[in-house]
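In what follows, a single structure is set out as structure tokens and then discussed.
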């Protein structure tokens with residue numbers, strides 16, 4: 003599975019909202035613009051139905067949104083016609099400002115990924131006779 007972890011989705015979603023007009027975006031637009039940030043997503047993850055959601059990707063984004071709203075980092079508004087609008091809150095902007103810049107985050111992620119790979123390659127499988 004190539005779906006990114008919850009924290010990565012949260013960070014990129016807040017950054018996307020912060021960069022949008024007035025810090026707001028229609029949720030349908032956000033799903034697809036956010037997906038562009040993760041080119042490793044498969045067609046199946048993006049389009050095949052998953053549990054009670056449109057797709058596995060949509061499910062993961064919905065959970066990230068739920069957590070962001072619980073922490074008051076993001077707001078959800080419903081406008082005429084039932085359209086959902088996501089917006090970054092002032093608390094969300096302040097939280098983003100505390101994060102390292104993108105280059106530092108990428109370097110940390112790659113270091114962690116390489117460390118995890120080297121640990122897993124040195125562990126032999128448990129063999130039962």
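Numbering (this note's numbering), first residue to last: 3 to 131.
Even glycine gets a Cβ: it sits at the ideal position worked out from N, Cα and C.
It should be emphasised that the depicted structure is a prediction, and the values quoted were computed from it without experimental measurement.
query                                                                                                                                                   : result
Out of curiosity, what's the CA-to-CA distance linking residue 7 and residue 80?                                                                        : 27 Å
Residue 90 bridges to which residues according to DSSP?                                                                                                 : 76
Run the CB neighbour count on residue 83, radius 10 Å, all protein chains shown included, and call it buried at 16 or more, exposed below.              : exposed
Measuring alpha carbon to alpha carbon, tell me which of 38, 93, 99 and 102 ends up nearest residue 71.                                                 : 93
Can you tell me whether DSSP reads residue 130 as helix, strand or coil?                                                                                : Caution applies to residue 130, whose pLDDT of 43 falls short of 50 and renders its modelled position unreliable; the value that the coordinates give is listed next. Coil at residue 130, not helix or strand.
Can you list, in chain order, the residues of its chain whose CB lies under 8 Å from that of residue 4, leaving out five sequence neighbours each side? : 40, 42, 43, 44 and 47
Once the 5 residues before and after residue 17 are set aside, which same chain residues still bring their CB inside 8 Å of it?                         : 98
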